[in-house]
Amino acid sequence: MSAATQHSMARLRTKMLRAAKTFPDYNFRNYFVRHVKDQFAEMERWTVEEQRRFLAQEGANKLCEMRRMALVNRMFSTSPVFLEKRAAPHCTGAEQQTKERE
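By full-length UniProt numbering, the letter at position 71 of the sequence shown is numbered 71, and the numbering carries on one by one without gaps.
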């Protein structure tokens with residue numbers, strides 16, 4: 001694989017992963033991160049010509065598409081999923097007694 005193609009593929013992968021991580025919904029975010037990783041793992045087996053063709057024709061379109069989907073998902077997002085909610089830190093017994101006295 002040529003160095004220029006390899007560098008371009010790595011940059012596109014990074015941009016797509018960054019775009020995938022902007023989804024506010026846990027399920028969408030994990031799906032797209034996994035999808036991008038799987039897609040680029042498969043593309044490593046492609047020839048250099050196929051990779052160049054992908055970069056020239058589809059790569060930028062897929063990145064723009066993912067960014068648009070993330071934007072729309074943010075516009076209509078709902079409350080966070082249970083897994084995303086940050087739980088309050090648990091108090092130890094001594095801390096709890098101190099809070100009760102106050």
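For every residue, glycine included, the Cβ atom is placed at its ideal position computed from N, Cα and C.
If you're wondering where the values come from, they're calculated on a predicted model, not measured in any experiment.
Does the distance from the C-beta atom of residue i to that of residue j stay below 9 Å?
i   : j   : result
M9  : F32 : no
R21 : R29 : Inspection of the sequence shows that residue 21 is occupied by Lys rather than by Arg. It is a contact, given that the beta carbons lie within the stated cut-off.
D38 : T78 : no
Nearest-angstrom Cα distance between residue i and residue j?
i   : j   : result
Q6  : L17 : 16 Å
M66 : E58 : 12 Å
A19 : R13 : 10 Å
Apply the 10 Å Cβ neighbour rule to residue i and answer buried if 16 or more other Cβ atoms are within range, or exposed otherwise.
i   : result
L71 : exposed
F82 : exposed
A4  : exposed
F76 : exposed
So, under 8 Å CB-CB, residue i and residue j are touching, yes? Tell me the CB distance rounded to an integer number of Å.
i  : j   : result
S2 : V36 : Rounded, the Cβ-Cβ distance is 22 Å, inconsistent with contact.
- prompt: Which runs of the alpha helix (DSSP H), 4 residues or longer, sit entirely within the region 30 to 87?
  reply: 48 to 54 and 60 to 75
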